[in-house]
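Residues in the sequence shown are numbered consecutively from 4, following the working numbering.
Beneath this line is the structure, given in structure tokens, with notes to follow.
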Amino acid sequence: MKNKLILSCLCVIFAPSITKIKAQQMLKNIPTPIAKIIPKTLEKHNEKRVDNYFWLNDREKPDVIDYLNQENTYYDAMTSDTKGFQKELYEEMKARIKEDDQSVPYLYNGYYYITRFETGKDYPIYSRKKGSLAANEEILFNCNDLAQGQTYFQLGGLSVSPDNKFASFGIDTVGRRIYTIQIKNLETGEILSDKIENATGSSVWANDNKTIFYTRQDKVTLRSDKVFKHKLATDSAADVLVFNEKDDTFNVSVGKEKSKKYIVIGSGSTLTTEYRILNSDNPDGEFVVFQPRVRGLEYSISHFGNSFYILTNKDKATNFKLMKTPENGTAKENWIDVIAHRKDVLLEDIEIFRNYLVVEERSNGLNHIRIMPWSGEGEYYLPFGSETYNAYTTTNVDFDTDILRYSYQSLATPSSVIDFNMKTKEKEIMKEQQVLGGKFDKNNYIEERVWATATDGTRVPISMVYKKGLKKDGNNPVLLYAYGSYGVTMDTYFSSTRLSILDRGFVFAIAHIRGGEDLGRQWYEDGKLLKKKNTFTDFIDCSKFLIQEKFTSPKHLYAEGGSAGGLLMGAVVNMAPELYKGVIAQVPFVDVITTMLDDTIPLTTGEYDEWGNPNEKKSYDYMLSYSPYDNVKAQNYPNMFVSTGLHDSQVQYWEPAKWVAKLRTFKKNNTVLYLNTNMDAGHGGASGRFEALKELAKEYSFLLDLEEIKN
């Protein structure tokens, strides 16, 4: 969901570029796909909407597949002159990646675990070494072998039994995030006959080494709604249902505490959470509710010693606080404050060690790591000197250590994994992301954070990176990215692939708009439900700011967003199309009303507290006022590249397909409009690490071609 900028007298719609002229010429010879119109009347609250493209909502129909293929053929033909450049970009981005890379090993239950890649291979290899890094490597899973013959492959939910003998794992070969769970004997290499279909992929072992708990999905909505118990070497048909979440606005998960003492079932909606706990030594016992759900009460739990530590918004703690309760008295009446609520500091997460409590906080849009000795003496923050960085704790599986492992990166600084001694304050960089090719030097780039002023006076931060020597003359191409939903914070991050546009003169910027949690929980609350339009106007005002400050102009400003960020793209091109030269909308959620009225679609019912429930007239009217598909109108639109996946379970492919079909009939100018559907993928796109680069090369070539940058 993103972008917007101030209109200038040189607006692109009145001054076609060479690229546009070329596109117009090509259009004479390449027929534009025109979806057939089959009007369907949709009625709600005594109001009627006519959807001419509702027929696209069925992936099983041959004419639907035919239309998607027509759009793909059109895209390929229209961009045929950029295919060589796309390949060049792909090879360039691939060449920066250390292909034979591996993760920093971590020690868990007597084994060092490692994820590594081999040169030329798309998928990871999961391995371990017993007791020492000098020990022989045991290959747990070589995903390159498992993926052979599959157009899509994803292994997830890898979980090793406490005795280190078995591993449960999930495989998805379609892309709809529907996994089959299996179990491997790590001593013999045998895949057991156990096979659990229609699962989320994740599972957790009880301490008896023969019981796993896992979650299953509703077959229609794909909502994770049930927790089952499975005994090793038994038929999954005999699995025991241990929890069924009947409230269709909630999803369930299952995990295990870091202490290994408790199996935990989590049940949550946008505004409310509830947990159930079971001693891991007693897998056939009954789960006990930790604290019964209360609408609006959010909490998460961490077990340590004889207590649970609770991150919660209890007592109107908008930015959350930390509380503590004995494990034999978990109801909220027993909770006591450990870290009080602060209006200007968002409490995001905690990590518990035997001698230290580590707290992840956010203030003024920046994240901080706070070290608090349990002794109460000498607490401190890790020092970070930038305004465009991202630091967070990573794999810390051991209580009894003084070493905190965390990661640090910025827009111009490659990601590092750091082991920090909380007692001596010494740090060791365990790994720094390598950027191959010999050309990258972070000192060649400028990072900065600027603040735009929104229409209502709110200040909105923008993080930026660009090559040194930038002149603020309005002629710089800028790619402005944002998301702005679900309280997701858009932290700054390094990308070696991004160098392909930075080194060609682009500025990359992230607009930290309302709807995320970038400036605290209230930042999220002010960009959801009946305040959702703040997300869109914030992006527009950030766009205008970049134009006013001469970073760019409407002739050179581009916007990008995916999923809910694709909704942002759809909204801003309806509201302020004149501000953008081009827009990239990835798997965009654009048919808001129709989707949110269909409770058979994955995610719908669980998102009423995010978008509103259109079965209520007030929410219906508000959502209808910004829904991108419903608000397409006869006007000029920027050049647009829209992507989707046929098997997407999060945003169904028909939303972008219908949107593009409607845009083709309404847009008045000759800008390009592409719909590119990956017929083998889901919400995350291609599964292989190099296949994903090919999709990125398409996006970059779209931008660079509009800027007439050919190499």
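Glycine included, each C-beta is placed from N, C-alpha and C at the ideal position.
The structure displayed is predicted, hence computed values, not measured ones.
Between ASP340 and the ligand ZN, is the CB less than 7 Å from at least one heavy atom? Only the bare structure without any ligand can be found here, which leaves the ligand ZN out of the picture.
Look at the Cβ atom of PHE293, then the Cβ atom of LEU281, and state whether they are nearer than 8 Å. no
Write down every uninterrupted run of the alpha helix (DSSP H) in the stretch 289-337 whose length is 4 residues or greater and which is fully enclosed by it, in chain order. none
For GLN185, list the residues DSSP reports as bridge partners. PHE172, LYS198
My output table needs one value for LEU676: the three-state DSSP class, helix, strand or coil. strand
Sorted by chain position, which residues of the same chain lie with C-beta nearer than 8 Å to TYR448's C-beta, five sequence neighbours on each side aside? LEU414, ALA415, VAL468, TYR469, LYS470, LYS471, LEU505
Secondary structure of SER418, DSSP reduced to three states: coil
In chain order, which continuous runs of the alpha helix (DSSP H) of length 4 or greater are located wholly inside the stretch 523-582? 524-528, 536-551, 567-578
Give, in chain order, every unbroken run of the beta strand (DSSP E) that is at least 3 residues long and sits entirely within the stretch 447-529. 448-456, 462-470, 481-484, 510-514
Mind reading off the beta-carbon distance from SER649 to THR680? Whole number of angstroms is fine, and I expect it under 8 Å. The question names Ser, yet the displayed sequence has Leu at residue 649. Yes, LEU649 and THR680 are in contact; Cβ-Cβ is about 6 Å, under 8 Å.
Sub-8 Å separation of TRP208 and SER239 beta-carbons: no
Buried or exposed, going by whether 16 or more other CB atoms sit within 10 Å of the CB of MET394? Reading the sequence as shown, one finds Ala at residue 394 and not Met. With 16 or more other Cβ atoms within 10 Å, it is buried.
Quick one: using the 10 Å Cβ neighbour count with 16 as the cut-off for buried, is PHE497 buried or exposed? buried
For a quick check, are the C-beta atoms of PRO386 and GLU710 less than 8 Å apart? no
Which same chain residues end up closer than 6 Å to GLY440 when comparing Cβ atoms and leaving out the 5 residues on each side of it in sequence? ALA98, ARG99
Tell me which same chain residues have a C-beta within less than 6 Å of the C-beta of ASN210, skipping the five on either side of it? PRO165, SER283, ASP284
Report buried or exposed for GLN655, applying the criterion of at least 16 other Cβ atoms within 10 angstroms of its Cβ. buried
I'd like to know if the stretch 351-360 and the stretch 396-403 are in contact, where contact means that at least 3 CB-CB pairs between them fall below 8 Å. yes
Once the 5 residues before and after THR540 are set aside, which same chain residues still bring their CB inside 7 Å of it? ALA457, THR458
Whole-number beta carbon distance between LYS324 and ASP340, since they are thought to touch under 8 Å: 6 Å
Can you check whether the CB of LEU699 is closer than 8 Å to the CB of TYR734? Because the chain spans 4 through 714 in this model, residue 734 falls outside it and cannot be assessed.
Return the first residue and the last residue of the beta strand (DSSP E) that SER130 is part of. 128-133
With DSSP run on the structure shown, which of helix, strand or coil describes GLN157? strand
Per-residue burial, ASP557 [other beta carbons within 10 Å of its own, 16 or more giving buried]: Per the sequence shown, residue 557 should be read as Pro rather than Asp. Classification for PRO557: buried.
Here's a check: name, in chain order, each residue in its chain whose Cβ is nearer than 7 Å to the Cβ of PRO42, leaving out the five neighbours to either side. VAL53, ASN55
Leaving out five residues before and five after LYS168 in sequence, what residues of the same chain have Cβ atoms less than 8 Å from its Cβ? ASN188, LEU189, GLU190, ASN212
Of the listed residues THR674, LYS553, TYR623, GLY508, nearest to ILE712 (C-alpha basis): GLY508
Report the residue from LYS90, ASN49, ASP422 whose alpha carbon sits nearest the alpha carbon of SER410. ASP422
Apart from the five residues just before and just after LEU676, which ones in its own chain have a Cβ nearer than 8 Å to its Cβ? TYR640, ASN642, MET643, VAL645, VAL663, LEU666, ARG667, LYS670
Where does the unbroken beta strand (DSSP E) through GLU50 begin, and where does it stop? 50-54
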